[in-house]
Amino acid sequence: MHGRRRTAVLTGIGVLVVVVLTATALATGADPAADAATTAPPTVERIAGADRYATAAALSRQAFGDRPGRAVFLVGGSSVPDALVAAPAAAAVSAPLLLTNGQDLSPATAAELQRLQPSVVHVIGGPGDVSGVVEAQLRALLPAARVQRTAGADRHETAVLVARQFFPVTTTAVVTADDGSAGAPAAAAAAQRS
345 MHGRRRTAVL TGIGVLVVVV LTATALATGA DPAADAATTA PPTVERIAGA DRYATAAALS
405 RQAFGDRPGR AVFLVGGSSV PDALVAAPAA AAVSAPLLLT NGQDLSPATA AELQRLQPSV
465 VHVIGGPGDV SGVVEAQLRA LLPAARVQRT AGADRHETAV LVARQFFPVT TTAVVTADDG
525 SAGAPAAAAA AQRS
């Protein structure tokens, strides 16, 4: 059932190449020892907050500095599928991805939104993940911003709608299992590069 639906969905958005990631497909074939010999040791900087919402806000401050007016993506902090769908879209338009409690705008997120003063907030996911109350709080906090929700009947349709909106001419799709496996976060990064 899921296979036929996914095939129809991929065909419907004009995908010509499908990359399926599995544990064995994640290997790049590069020689890590050779790479290590030719590069400087990496610098490690920990970016963290008191919770996932504050961590996302801290990442936004670190990565996007003082560049107000840009777009921002917002997903429910408990909706991993929506976050995985939103991540490549946010990266494609150089926008931060913030998280919120689904029923109330998280304080750390509200503070980061006030700092950024975005022109548009892309809310990804349905009202079960980011409620209408959060949308109203966004509009009150950012009266000049456009709040735009992208949501389908389920997570698969939401993914298709995001793909159509932010990757209208793509010919490659990255597909992972819909079983909660850990391959999905790796796929989000790979999808943005495809």
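Note that the working numbering has the sequence shown beginning at 345, numbered continuously upward. For glycine and all other residues, C-beta sits at the position ideal for the given N, C-alpha and C.
Taking the Cβ atom as the reference point for each residue, do Ser-423 and Asp-473 lie within a distance shorter than 8 Å? yes
Can we say the stretch 431-447 touches the stretch 383-394, given the rule of at least three CB pairs closer than 8 Å? no
Compute the Euclidean distance between the alpha carbons of Ala-433 and Pro-385, then round it to the nearest angstrom. 30 Å
Buried versus exposed call for Gln-481 [16 or more other C-beta atoms within 10 Å across all chains shown]: Result: buried.
Below 8 Å between beta carbons: does that hold for Ala-495 and Gly-476? no
Whole-angstrom distance between Arg-490 and Val-467, CA atom to CA atom: 10 Å
Would you check if the stretch 391-410 and the stretch 440-456 touch, i.e. whether three or more CB-CB distances between them fall below 8 Å? yes
Would you say the beta carbon of Arg-396 comes nearer than 7 Å to a heavy atom of the ligand SAM? Within the structure as shown, the ligand SAM is missing, as the structure has no ligands at all.
Going by the DSSP bridge assignment, what does Thr-314 pair with across the sheet? A query on residue 314 cannot be resolved here, the shown segment of the chain reaching from 345 to 538 and no further.
In or out: Gly-409 buried (at least 16 other Cβ within 10 Å) or exposed? exposed
Would you mind working out which of Ala-402, Ala-435, Arg-411 sits nearest Ala-463, comparing C-alpha positions? Residue identity check: residue 463 is Ser in the sequence provided, not Ala. Comparing Cα-Cα distances from Ser-463 to each of Ala-402, Ala-435, Arg-411, the minimum goes to Arg-411.
Within 10 Å of its beta-carbon, does Thr-387 have 16 or more other beta-carbons around it, so buried, or fewer, so exposed? exposed
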